[in-house]
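Enquirer: So the protein sequences, as listed, match chains G and D.
Here this note's numbering is used: the first residue of the first sequence is 1051, the next is one more, and so on.
Here this note's numbering is used: the first residue of the second sequence is 20, the next is one more, and so on.
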Amino acid sequence: MMPALKLTNVGMRFALNSGGDSGHFQALRELNLQVNRGDKLGLVGNNGAGKSTLLRIMAGIYNPGSGTVWRAPELSIALLSLGLGFKNDLTGRENALLAAVLQGMSKSEAKSHLNAIGEFTELGRFYDEPVKSYSSGMRTRLGFATGLLLDTDILLLDEILAVGDQSFRNKAREALAQKITADRTVILVHHIEHAIREICSRVVWLEQGQVKADGPTSEVLEAYLNSAN
Amino acid sequence: MTVKQYFTLVDTIARLSLKAEARRYYFGFWWWVIEPLLYVAVFYIVFEKFLGTRTQDFLMFLIVGKFTFIWFSKTVNYAGNSLMGNASLIGRMDLPKTLFPMAVVLECSYRQIAVFALLGVALIIDGYRPNGYWLWVLPLICVEALLIVLCGFIASVLVCMKRDFALLINLGMLFLLFMSGVFWDLNDIGNEATREAILLWNPVAFLLHSFRQVLLWQQTPDLGHLLGLTVFLSVGLVLVARGMSRYRYYLAQRVVTA
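What follows is the structure, encoded as C-alpha cells:
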C-alpha cells in the first residue's frame, strides 16, 4: 500500500490562557499513524481526545510540537469543515464567492459556481441576505455547499454531515458520496456513528492524544461505543 | 499559493469588506469622506476659532495633515485585529498570515482614494493650482503605503501575541497624532535639533511634512531622507513578511487557541 500520510511520534501541546509556565494542555502525545492512498479512515474519540488537532496537523495548519509528519508530495490535501470562516456582514452569495476564491479558484471561476451553490443550499432569497440573519441550520447548509467545491486528493472532513433537517442531510450525504471516489483518501471525524460505518473501512480511536485502537470499522467502533456506555 | 492567487484573495476580501461596511451604515460609502471631514471640522473649530492658531492657511494645512494621517492610523488599528478577527478561517486553512493585514491595508487604501480625491478638490477650491511639485505625491503615497503595510503586519502579530497590544496601538495612534504635526507646524519648533530628531525618528511626521511641502508650499521633499526611508521600510517589510511565513504555524496556534 502506498502511504499518503505518515505521522511519527507526533506530540502537540498548547499553552493554556490562564497563564503560568506550567499551564499546558497535551493534545497529542507520541502518536504514530499511517494513512494509505484510498483509505477511508474514521477518527473517533471523546471531546478533547485530539481529533481536531490531529486534522489540523494533517492539513498543515499546525506544525507538531514534536515528531514528524510526512505527506505524499504529489497529493493535495484540504480540511473541509462547516462555516469556512463566514463573515456575518456578507451575504450568503458573497461568502460563497470568498470561500471559492479561498479554495484557489479565480474570481471568474468562483462566480460561475455561485448560482449552483445557491440552489444546493435551498436558501432562496436568504442567499442574498447577510449571513448574520441566518439560522444555524442555514449557515451549515451554506458551509456544506461551499465546502463541496474542494477537490483534493486527501479530504479531511470535520463533522460536516451535521447539516440541518433530514431531507437536506440525505442530499448532503449523496453529494458527499460522489466526492468519495475509490482513489480519494478520506479522513472523517464524526459523532454520528452510522456516517462512519457508511463511509469508513478503518477507524482510529483516539484517547488522551494517543491511538487507543486502530482497525476495521465494526471492531474499533464497537469497542469505542462499549467504553462510552 | 501563487502571487496571483494571493492578490486575488486580498482584493476579494478587501472589496467584500468594503461592501459589507457600506451596507452596515445608512450613509454607506459617503462615510469614506464624511468621517475625515468631520475630524477636520472639529480640529479647525478648536485650533483656529477657539485657540487662534498662527499657522497660515490653517484649514488646508490641517486637511493635508489629517487626511494623510487618517490613512495610516485607521489602517494600522484595523490591521492589528486582522489575524484574531479571522481565527475561524485560520483554524481551517493554511493561508499566508500576511494575507489578513494586507487585505485590511487594501480595503483602507480603496477608501483613501476617495479621501485623496477630496483633498485635490479642496486644494483647487482654495485656490491652489496643480503644478509640477504635486507629482511628488505619487512617491510619497507609495512610501506611506510601505510604512502602513509594515506597521500593519507588525501590529497584527503583536495583537496575536497579546491582546493588550490592541489597546497600546490605539494609544500609540493618539500619541502619533500629537507628535506628527497634524495640527501644528514642524517649522514652528525653535530648536533645530529637536525638529530634525522628530523628522528622523518619526516617519509619519516626515511624510506629513513632505505632503505639505509639495502640495502647499511648492517645495521638493528631502529626497535623501525619502530614499533612506524607502530602503529601510522595504528591508523591514521583507524581514517581517519572512518572519510571518516562517512562524505561520505558531501564529495559527496563537490565533486559534487565544
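No residue lacks a Cβ here, since even glycine has one placed at the ideal position from N, Cα and C.
Bear in mind the structure is a predicted one, so any value in this text is a computation, not a measurement.
Using only CA atoms, which one of G/Met1052, G/Gly1100 and G/Arg1189 lies nearest to asparagine 1086 of chain G?
Expert: Of G/Met1052, G/Gly1100 and G/Arg1189, the residue nearest in Cα terms is G/Met1052.
Enquirer: Jot down the residue ranges of each uninterrupted beta strand (DSSP E) in the region 1101–1159 of chain G, minimum 3 residues, whole runs only, in chain order.
Expert: Whole beta strand (DSSP E) segments, 3+ residues: 1116–1121 and 1127–1131.
Enquirer: For threonine 87 of chain D, which residues does DSSP report across the bridge?
Expert: For threonine 87 of chain D, which the question treats as bridged, DSSP gives no partner whatsoever.
Enquirer: Excluding the 5 residues preceding and the 5 following arginine 267 of chain D in the sequence, name in chain order all residues of the same chain whose CB lies nearer than 8 Å to its CB.
Expert: Result list for arginine 267 of chain D: Asp113, Pro115 and Lys116, in chain order.
Enquirer: Under 8 Å Cβ-Cβ, which residues of chain G neighbour leucine 35 of chain D?
Expert: Within 8 Å Cβ-Cβ: Lys1137, Leu1140, Glu1144, Leu1147 and Leu1148.
Enquirer: Within the 8 Å Cβ cut-off, does valine 1270 of chain G reach chain D?
Expert: No, its Cβ sits nowhere closer than 8 Å to a Cβ of chain D.
Enquirer: With a threshold of 16 other CB atoms inside 10 Å of the CB of phenylalanine 230 of chain D, please say whether the residue is buried or exposed.
Expert: Buried, by the Cβ-count rule.
Enquirer: Taking all protein chains shown into account, do 16 or more other C-beta atoms lie within 10 angstroms of the C-beta of isoleucine 143 of chain D, making it buried, or fewer, making it exposed?
Expert: With fewer than 16 Cβ atoms within 10 Å of its Cβ, isoleucine 143 of chain D is classed as exposed.
Enquirer: Of all the options D/Gly243, D/Leu219, D/Ala174 and D/Glu215, which has the alpha carbon lying nearest to the alpha carbon of leucine 260 of chain D?
Expert: Note on residue identity: the sequence assigns alanine, not leucine, to residue 260 of chain D. When each option's Cα is compared against that of alanine 260 of chain D, the closest is D/Ala174.
Enquirer: Given that alanine 39 of chain D touches chain G, what residues does it touch there, using C-beta distances under 8 Å?
Expert: Residues of chain G passing the Cβ test: Lys1137, Asp1139, Leu1140, Glu1144 and Pro1180.
Enquirer: Which value, in whole angstroms, describes the spacing of the CA atoms of cysteine 161 of chain D and valine 124 of chain D?
Expert: Rounded to the nearest angstrom, the two C-alpha atoms are 13 Å apart.
Enquirer: Would you report the Cα separation of leucine 1256 of chain G and leucine 1081 of chain G, rounded to the nearest angstrom?
Expert: Straight-line Cα distance between these residues: approximately 9 Å.
Enquirer: Would you say tyrosine 1274 of chain G reaches chain D, if we count a Cβ-Cβ gap shorter than 8 Å as a contact?
Expert: It does not: the Cβ of tyrosine 1274 of chain G has no partner Cβ on chain D nearer than 8 Å.
Enquirer: Leaving out five residues on either side along the sequence, give the residues of the same chain with a beta carbon under 8 Å from the beta carbon of alanine 141 of chain D.
Expert: Hits under 8 Å: Met79 and Ile82.
Enquirer: What residue from D/Asn96, D/Phe225, D/Val59 and D/Val275 has the CA that sits closest to leucine 138 of chain D's CA?
Expert: Cα-wise, what sits closest to leucine 138 of chain D is D/Val59.
Enquirer: Checking contacts by CB at 8 Å: is glutamine 232 of chain D closer than that to chain G?
Expert: Closer than 8 Å: no.
Enquirer: Taking DSSP's pairing of strands, which residues face glycine 151 of chain D in a bridge?
Expert: Glycine 151 of chain D pairs with nothing; no bridge assigned.
Enquirer: Within 8 Å, do at least three Cβ pairs link the region 1135–1145 of chain G to the region 1172–1181 of chain G?
Expert: Contact holds: three or more Cβ-Cβ distances are below 8 Å.
Enquirer: Check the Cβ of alanine 271 of chain D against every Cβ in chain G and list those closer than 7 Å, keeping chain order.
Expert: Going along chain G in sequence order, the residues near alanine 271 of chain D (Cβ under 7 Å) are Ile1111 and Tyr1112.
Enquirer: For a quick check, are the C-beta atoms of isoleucine 1210 of chain G and serine 1131 of chain G less than 8 Å apart?
Expert: Cβ atoms of isoleucine 1210 of chain G and serine 1131 of chain G: closer than 8 Å.
Enquirer: I'd like to know if arginine 1223 of chain G contacts chain C, where contact means its C-beta is closer than 8 Å to some C-beta of that chain.
Expert: Within the model displayed, chain C is absent; protein chains G and D are what it includes.
Enquirer: Counting only beta-carbon atoms, is threonine 87 of chain D nearer than 8 Å to chain G?
Expert: False, the Cβ-Cβ gap to chain G never drops below 8 Å.
Enquirer: How should alanine 1225 of chain G be labelled, buried or exposed, when 16 other C-beta atoms within 10 angstroms of its C-beta is the threshold for buried?
Expert: Exposed, since its Cβ has fewer than 16 Cβ neighbours within 10 Å.
Enquirer: Using a 10 Å radius around the Cβ and a threshold of 16 neighbouring Cβ atoms, would you call phenylalanine 46 of chain D buried or exposed?
Expert: Exposed: under 16 other Cβ atoms inside 10 Å.
Enquirer: Given this structure, state the Cα-to-Cα distance separating alanine 1166 of chain G from serine 1268 of chain G, to the nearest angstrom.
Expert: One C-alpha to the other measures close to 37 Å.
Enquirer: At a cut of 8 Å, does the region 56–70 of chain D reach the region 1182–1190 of chain G through at least three beta carbon pairs?
Expert: In short, these stretches do not touch, since the Cβ pair count stays below three.
Enquirer: Who are the Cβ neighbours of lysine 1101 of chain G in its own chain at under 7 Å, not counting the five residues just before and after it?
Expert: Excluding sequence neighbours, lysine 1101 of chain G sits near Leu1093, Gly1095, Val1239 and Leu1256.
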